[in-house]
Every structure is written in structure tokens, then in C-alpha cells.
Amino acid sequence: TRRQHDRPLDRFGSLQEVREAAEREYILKKLEETSGNVTRTAELLGLERSNLYRKMKTLGIGPNE
47 TRRQHDRPLD
57 RFGSLQEVRE
67 AAEREYILKK
77 LEETSGNVTR
87 TAELLGLERS
97 NLYRKMKTLG
107 IGPNE
């Protein structure tokens, strides 16, 4: 088995925290790729724009990030 310090994902704690961190990072990357265009980002992610705005709010992503 691997030792505890060899598992960097343990620092996040719960599965929910890991999922949210990954979603936040991915959305920020896509926003950067589209120069902050939320409509285009939503299209790339296969989401409705309103759902992306909701997810951004939940994940603490501001409109200008």
C-alpha cells in the first residue's frame, strides 16, 4: 500500500471537495480559452448558459475570472 504522504488528493478531504476542485479548475481553463465568454464556454461544456452561471456561483467563480 502507499503511504499517506504519497497520496496528494488526500489534502482535499471528501469526494465532493475533490469533484468541486476539479470542476472549478476545468471551468476556469475553458473560460480562459474563450477569453471569458460564458456563452461559448457553456457551449464547449455542453451546458445551458444559465446552468454554467449557477455552477460558477456555487464554485466561487466570478464573472471576470
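Taken in order, the sequence shown gives residues 47 to 111; the numbers are from the working numbering. Using N, Cα and C, we set each Cβ at its ideal position, and we do this for glycine too.
Can residue i and residue j be called in contact, C-beta distance under 8 Å?
i, j, result
"LYS76", "LEU90", "yes"
"VAL84", "ARG100", "no"
From the options, pick the residue whose C-alpha is nearest to that of residue i; which is it?
i, options, result
"LYS103", "SER60, GLU69, GLY59, LEU61", "GLU69"
Starting from the C-beta of residue i, find all residues in its chain whose C-beta is less than 8 Å away, skip the five residues before and the five after it, and write them out in chain order.
i, result
"LEU105", "GLU66, GLU69, ARG70, ILE73"
Just mark residue i as buried or exposed, buried being the case when its beta carbon has 16 or more other beta carbons within 10 Å.
i, result
"GLY108", "exposed"
"LEU98", "buried"
For residue i, which residues from the same chain have a beta carbon less than 6 Å from its beta carbon, with the 5 sequence-adjacent residues on both sides left out?
i, result
"THR87", "LYS76, LEU77, THR80"
If we ignore side chains and look at the alpha-carbon of each, how far apart do residue i and residue j end up?
i, j, result
"GLY82", "GLN62", "26 Å"
"ARG48", "VAL64", "Annotation note: pLDDT 47 at ARG48 (below 50); position unreliable, no value reported."
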